[in-house]
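Taking it in order: structure first as structure tokens, then the write-up.
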Amino acid sequence: MFKRLLKIDDWRKPIAWFFGIAGAALLIWLLMIPPVIGVADNGDFNRVMGASGIAPLNGKETYEDHYFAFSHARFGYGDFHSGGYVSTHVILVAAIGLIARIFNGLVFDIRWLGAAYIGLFLAAVILLVRYVPVPKGARRWGGFAVAVVLGTALLFVFADVGYSAYYQSFFGEPFAMLAMLLATAAAFALASRDRPSGGLLTLFIVASLALASSKIQNAPLGFAFALLGWRMFGISGNRRWHRQVLIGIAVLVAGATIMLVAAPDKLRHINLYQSIFYGVLKDSPHVAEDMRELRIPEKYRVNAGTNFFQHDTAIPQNDPTLRKEVLETLSHKDIAMYYLRHPSRFIQKLERASDNAVFVRPYYLGNYDKTAGKPRGQISYAYSGWSEWKAKHIPRYFGWFAGFIGLYMAAIAVWRFRTVSLRQKFMAETLAAVAIIGVFAACIPLIGDGEADLSKHLFMFNVCFDMMVVSAVTALAFFLVKLTAPRRVQA
159 MFKRLLKIDD WRKPIAWFFG IAGAALLIWL LMIPPVIGVA DNGDFNRVMG
209 ASGIAPLNGK ETYEDHYFAF SHARFGYGDF HSGGYVSTHV ILVAAIGLIA
259 RIFNGLVFDI RWLGAAYIGL FLAAVILLVR YVPVPKGARR WGGFAVAVVL
309 GTALLFVFAD VGYSAYYQSF FGEPFAMLAM LLATAAAFAL ASRDRPSGGL
359 LTLFIVASLA LASSKIQNAP LGFAFALLGW RMFGISGNRR WHRQVLIGIA
409 VLVAGATIML VAAPDKLRHI NLYQSIFYGV LKDSPHVAED MRELRIPEKY
459 RVNAGTNFFQ HDTAIPQNDP TLRKEVLETL SHKDIAMYYL RHPSRFIQKL
509 ERASDNAVFV RPYYLGNYDK TAGKPRGQIS YAYSGWSEWK AKHIPRYFGW
559 FAGFIGLYMA AIAVWRFRTV SLRQKFMAET LAAVAIIGVF AACIPLIGDG
609 EADLSKHLFM FNVCFDMMVV SAVTALAFFL VKLTAPRRVQ A
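All letters in the sequence shown, in the order written, are residues 159 to 649 by the working numbering.
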């Protein structure tokens, strides 16, 4: 047995499967063995559940028990109705719901959805570890070391309960996170293989499209992935490969465009209200001037600083005149142009976002089903080392995040321009895309939804930031192995 292990030329594959199995055991223990862990509903579940044919199991449950305080492990089934919600996330939930009906036609156990997400997460982990770059001349033991570092970092960070508790909920956040991980994993796998795979390209396109279509705010990310797809031409000179890449790029651009165009007017108006009154006008030192610049009638000044869902506004948010004079007159383009003309105001908003950018999960939503007997709003701290350390120790101001991302991009630029390998250039560009998408994920909510529920809306920024951290740790292991590789070869 020991001799057989010594003959393994590339340890990345067995290490990848080891971390896949370890991740499965960890997440099953963490989420599925009672008491079942999930995330409580904040009011967003209905639009996903209705479109997926899933309904509350107890229709008589009180508001206090249904929202915020307790997660729910069991649901019922209902009719399918869209409700105007546009997201490919619904397709996955509906498919899992249909499969679950085969085994129990009365009760939907949220662990079915959790199992699907766990499977997708493990696929990303296995792909990333299997195709992690290793220095030349150190493929055997160097590959072992780098693969172990990456696998450990992935499970420590992304299996954290702050992320994984989302798996057993109807929020779209885990769908977007896993799409991001899978798209990145597919890109690295494509760059690492001797021959590019049509299957891996399909995975990259599907995962990228899933992220871009997970919610309207993520639609612009489809164009970023399309640019990364364009860089895939350099992986191979094969004409068939070039045609496949072109088709993939077209799919991504079309999908992102459709998401932007298909946004329901009601949702667009809600987001625009938030962008104006809970964004630009909130905490503005010169509200009257801002309103004149945006051509908003002075009478709406009384709503400055209010969000769409509060009940004590002087002028109701659904007032037909407000909709006609403000929400149908302005667009998010006007908001973006305002911030371009007033960068100091946007930096002010980025400071506010930075104060919320270290929280992986919303602490106001409980993690336990009421039947677990836990206090109202109780959250789980099991396997929360990364999310809790991050919340307590990472600086919460814009300058720190800007500096980190700047150094990260500088390191990638050095790698990108020093290497002569087109495949390594593409890997560097993939990591740069992660950072750029993280910047988009921080800016888009501020322009598209103001300061509403920032800790939750910055979820994708957290994902990208944590991917940067994991890749930086792995890169450190890579270069340490590279420094010692010549001595191993000579030995």
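Ideal Cβ positions, reconstructed from N, Cα and C, are used throughout, including at glycine.
Span separating the alpha-carbon of P501 from that of A494: The residue you call residue 501 lines up with position 343 of the sequence shown. The residue you call residue 494 lines up with position 336 of the sequence shown. Going from the Cα of P501 to the Cα of A494 covers about 10 Å.
Which whole-angstrom value is the C-beta distance of V306 and I173, which I expect to be below 8 Å? One-based indexing of the sequence shown puts residue 306 at position 148. One-based indexing of the sequence shown puts residue 173 at position 15. With a Cβ gap of about 6 Å, V306 and I173 count as contacting.
CA nearest to the CA of I537, picked from W169, G201 and S322: Your numbering for residue 537 matches position 379 in the sequence shown. Measuring from the Cα of I537, the nearest candidate turns out to be S322.
Neighbourhood of L286 by C-beta, 6 Å cutoff - its chain only, sequence neighbours within 5 removed: Numbered from 1 along the sequence shown, position 128 holds the residue referred to as residue 286. Around L286: A343.
Could you give the first and the last residue of the continuous beta strand (DSSP E) run that contains F233? Within the sequence shown, the letter at position 75 stands for residue 233. Run containing F233: R232 to Y235, per the beta strand (DSSP E) assignment.
Which residue marks the beginning of the alpha helix (DSSP H) containing Q506, and which one marks its end? What you label residue 506 is simply residue 348 of the sequence shown in a count that begins at 1. Here the alpha helix (DSSP H) through Q506 covers P501 to N514.
Fully enclosed by the region 284-320, which alpha helix (DSSP H) runs are 4 residues long or longer? 299-316
Please name the residue, chosen from H239, F623 and W169, that lies closest to G300 on a Cα-to-Cα basis. In the sequence shown, residue 300 corresponds to position 142, counting from 1. Measuring from the Cα of G300, the nearest candidate turns out to be W169.
Would you mind stating whether A345 and L369 have Cβ atoms separated by less than 7 Å? Looking up residue 345 in the sequence shown gives position 187. Looking up residue 369 in the sequence shown gives position 211. Not in contact: A345 and L369 (Cβ atoms no closer than 7 Å).
Taking F279 as the reference, which of S442, G263 and V315 has the closest Cα? As a first step, residue 279 must be located in the sequence shown, where it is residue number 121. For F279, the nearest C-alpha among the options comes from V315.
At the level of alpha carbons, what is the spacing between V597 and F619? Start at 1 with the first residue of the sequence shown, and residue 597 comes out as number 439. Start at 1 with the first residue of the sequence shown, and residue 619 comes out as number 461. If you take the alpha carbons of V597 and F619, they lie about 7 Å apart.
Can you give me the Cβ contacts of D318 inside the same chain, cut-off strictly under 8 Å, excluding the 5 residues immediately before and after it? One-based indexing of the sequence shown puts residue 318 at position 160. Closer than 8 Å at Cβ, skipping near neighbours: V518, Y541, S542, G543, W544 and S545.
For the structure I just gave you, are there three or more beta carbon pairs, one from the region 381-392 and one from the region 406-414, closer than 8 Å? yes
Between the CA atoms of R426 and L480 - distance to the nearest angstrom: For the purposes of this step, residue 480 is identified with residue 322 of the sequence shown, where counting begins at 1. For the purposes of this step, residue 426 is identified with residue 268 of the sequence shown, where counting begins at 1. Approximately 14 Å, taken between the alpha carbons.
Is G463 near the ligand SAH, going by C-beta to nearest heavy atom under 6 Å? For the ligand SAH, the structure offers nothing, since it holds no ligand at all.
With a threshold of 7 Å between beta carbons, is K424 in contact with chain D? In the displayed structure, chain D is absent; only one protein chain is listed.
Presumed contact (8 Å Cβ cut-off) between F226 and N204, rounded CB distance: Residue 226 sits at position 68 when you count from the first residue of the sequence shown. Residue 204 sits at position 46 when you count from the first residue of the sequence shown. Going by Cβ atoms, the distance from F226 to N204 rounds to 14 Å, so no, they are not a contact pair.
Length of the line joining the Cα atoms of A311 and E447: The sequence position of residue 311 within the sequence shown is 153, counting from 1. The sequence position of residue 447 within the sequence shown is 289, counting from 1. Taking the straight line joining both Cα atoms gives about 49 Å.
Would you mind sorting L308 into buried or exposed? The rule is 16 or more other CB atoms within 10 Å of its CB. Counted from its first residue, the sequence shown places residue 308 at position 150. Buried is the call here.
What's the C-alpha gap between Q648 and I254? Within the sequence shown, the letter at position 490 stands for residue 648. Within the sequence shown, the letter at position 96 stands for residue 254. Unreliable placement is indicated for Q648, whose pLDDT of 40 sits below 50; no coordinate value is reported for it.
Start and end residues, alpha helix (DSSP H) containing L604: To locate residue 604, count along the sequence shown from 1; it is residue 446. Its alpha helix (DSSP H) spans residues L580 to D607.
Tell me the rounded alpha-carbon separation between H224 and Y289. Here residue 224 corresponds to residue number 66 of the sequence shown, with the count starting at 1. Here residue 289 corresponds to residue number 131 of the sequence shown, with the count starting at 1. Near 44 Å, if we compare the C-alpha coordinates of Y289 and H224.
In whole angstroms, what separates the C-alpha of G356 from that of W399? Within the sequence shown, the letter at position 198 stands for residue 356. Within the sequence shown, the letter at position 241 stands for residue 399. Going from the Cα of G356 to the Cα of W399 covers about 8 Å.
Looking at the secondary structure, which residues open and close the alpha helix (DSSP H) in which Y221 lies? To locate residue 221, count along the sequence shown from 1; it is residue 63. Start and end: Y221 to H224.
Would A384 pass as a contact of V411 if the rule is Cβ separation under 7 Å? Numbered from its first residue, the sequence shown carries residue 384 at position 226. Numbered from its first residue, the sequence shown carries residue 411 at position 253. The answer is yes: Cβ separation under 7 Å.
Rounded separation between P533 and F228 - CA only: Here residue 533 corresponds to residue number 375 of the sequence shown, with the count starting at 1. Here residue 228 corresponds to residue number 70 of the sequence shown, with the count starting at 1. Spanning the two alpha carbons is a distance of roughly 9 Å.
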